[in-house]
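Put into structure tokens, the structure is as follows:
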């Protein structure tokens, strides 16, 4: 059997083609202002509407509950032992919380200080857990 060369079509990059960018996420108030002024609701420019906007739809900003604390920060926390360890019940099983830490956290420019329970050797996949009372307060 003899070898036969095969014709291959290579994909090429067109440097003159425009790259679409994502529009910036804006508040509902800003969208209302754009609607009132007859501007594009997506990018805020005049001369076109959302249907023909050159920008891609904006990406929803990352929510605070999906932000994870880096493991290097976890190692630097000053922890205190709890006088009465707490039982942690979750989907993954049962665990014990024996330590707490006071720290400053920053979530997309929103800086606060507070206490958090430290879950060591957790199989939850998260470095830190905020409780329901924290979410109600913030």
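Residue numbers (my numbering): 782 to 919. No residue lacks a Cβ here, since even glycine has one placed at the ideal position from N, Cα and C.
For residue 840, same chain residues with a beta-carbon under 8 Å away, outside a window of 5 residues either side, are 803, 806 in chain order. Per DSSP, reduced to three states, the secondary structure at residue 814 is helical. Taking a C-beta distance under 8 Å as the contact criterion, residue 891 and residue 883 do not qualify as a contact pair.
Our two residues, residue 809 and residue 837, have alpha carbons roughly 18 Å apart in a direct line. Within the same chain, Cβ atoms closer than 8 Å to the Cβ of residue 885 are found at 892, 893, 894, the five residues on either side in sequence being excluded. Spatial neighbours of residue 830 in its own chain (CB-CB distance under 8 Å, excluding positions within 5 residues in sequence) are listed in chain order as 821, 822.
In the three-state reduction of the DSSP assignment, residue 831 falls in the helix class, which pools H, G and I. As computed with DSSP, residue 881 is found in a beta bridge with 861, 898. About 7 Å separates the Cβ atoms of residue 889 and residue 842, confirming a contact at the 8 Å cut-off.
Secondary structure of residue 840 (DSSP, three-state): coil.
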